[in-house]
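Visitor:
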């Protein structure tokens, strides 16, 4: 099953609010984290909240210049999510509109699990919170970029391929 980033964001936001945080939590614009929050600008109880986030499987990277926290799943949480994802390339979708997503999925999944770049997985999860048309349009550019990176010997995005495989399987089940 594809991870539900909106649901996860709501849970993280509840944790921040529970800690007394009058703050925002939104999708991070970069691919280096899932979310960004201004919690440290508005609150002083950083240590307790960081511990609470850690217990929830969230890691935090503090922005030095802007005093924002960039939040992501911890390595252990990413591993837990991976357990639920397909390990094999799915069959080609019946509906032609998903063929571009299938091609990208194949490209990512054909590369070793040991070569892991989570930035494409984060970008993909964020796009999956948008309308499907936006995701499908973005996949063309992502595919071109992924192919160029692989040609240059860059790391693969196996996790992103597995997330996309789960999404494709879910789409096929809706027929």
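In the working numbering, the protein residues as written are 3 to 177.
For every residue, glycine included, the Cβ atom is placed at its ideal position computed from N, Cα and C.
All values reported here derive from a predicted model rather than from experimental measurement.
Is the beta carbon of residue 7 closer than 8 Å to that of residue 2?
Guide: As displayed, the chain neither begins before 3 nor continues past 177, which places residue 2 out of reach and without an answer.
Visitor: Is residue 142 helix, strand or coil by DSSP?
Guide: Three-state DSSP puts residue 142 in a helix.
Visitor: State the CB to CB distance for the pair residue 37 and residue 28, rounded to an integer number of angstroms; the pair is presumed to be in contact (CB under 8 Å).
Guide: Indeed they touch by this definition, with Cβ atoms about 7 Å apart.
Visitor: Using 10 angstroms around the beta-carbon of residue 142, count the other beta-carbons present and answer buried if the total reaches 16, otherwise exposed.
Guide: Residue 142 should be labelled exposed.
Visitor: So, does the stretch 139-155 touch the stretch 78-90, judging by three or more C-beta pairs under 8 Å?
Guide: The stretch 139-155, when compared against the stretch 78-90, does not touch it at the 8 Å Cβ threshold.
Visitor: So, residue 95 versus residue 173, is the Cβ gap smaller than 8 Å?
Guide: Yes, the Cβ-Cβ distance between residue 95 and residue 173 is below 8 Å.
Visitor: Considering only residues of the stretch 81-142, which uninterrupted alpha helix (DSSP H) runs meet the minimum length of 4 residues and lie entirely inside it, listed in chain order?
Guide: Those alpha helix (DSSP H) runs which fall completely within the stretch 81-142 and span 4+ residues are 101-111 and 121-129.
Visitor: DSSP on residue 12, reduced to helix/strand/coil?
Guide: It is helical.
Visitor: What is the DSSP secondary structure of residue 77, reduced to helix, strand or coil?
Guide: Looking at residue 77 - three-state DSSP - the assignment turns out to be helix.
Visitor: Can you look up residue 3 in the DSSP assignment and give me helix, strand or coil?
Guide: The answer is coil: DSSP assigns residue 3 none of H, G, I, E or B.
Visitor: Considering only the alpha carbon of each residue, which of 66, 69, 82 and 49 lies closest to residue 59?
Guide: The shortest Cα separation from residue 59 among 66, 69, 82 and 49 belongs to 82.
Visitor: My guess is that residue 119 and residue 158 are in contact by the Cβ rule of under 8 Å, so how many angstroms apart are they, rounded?
Guide: Their Cβ separation, rounded to whole angstroms, is 7 Å, which keeps residue 119 and residue 158 in contact under 8 Å.
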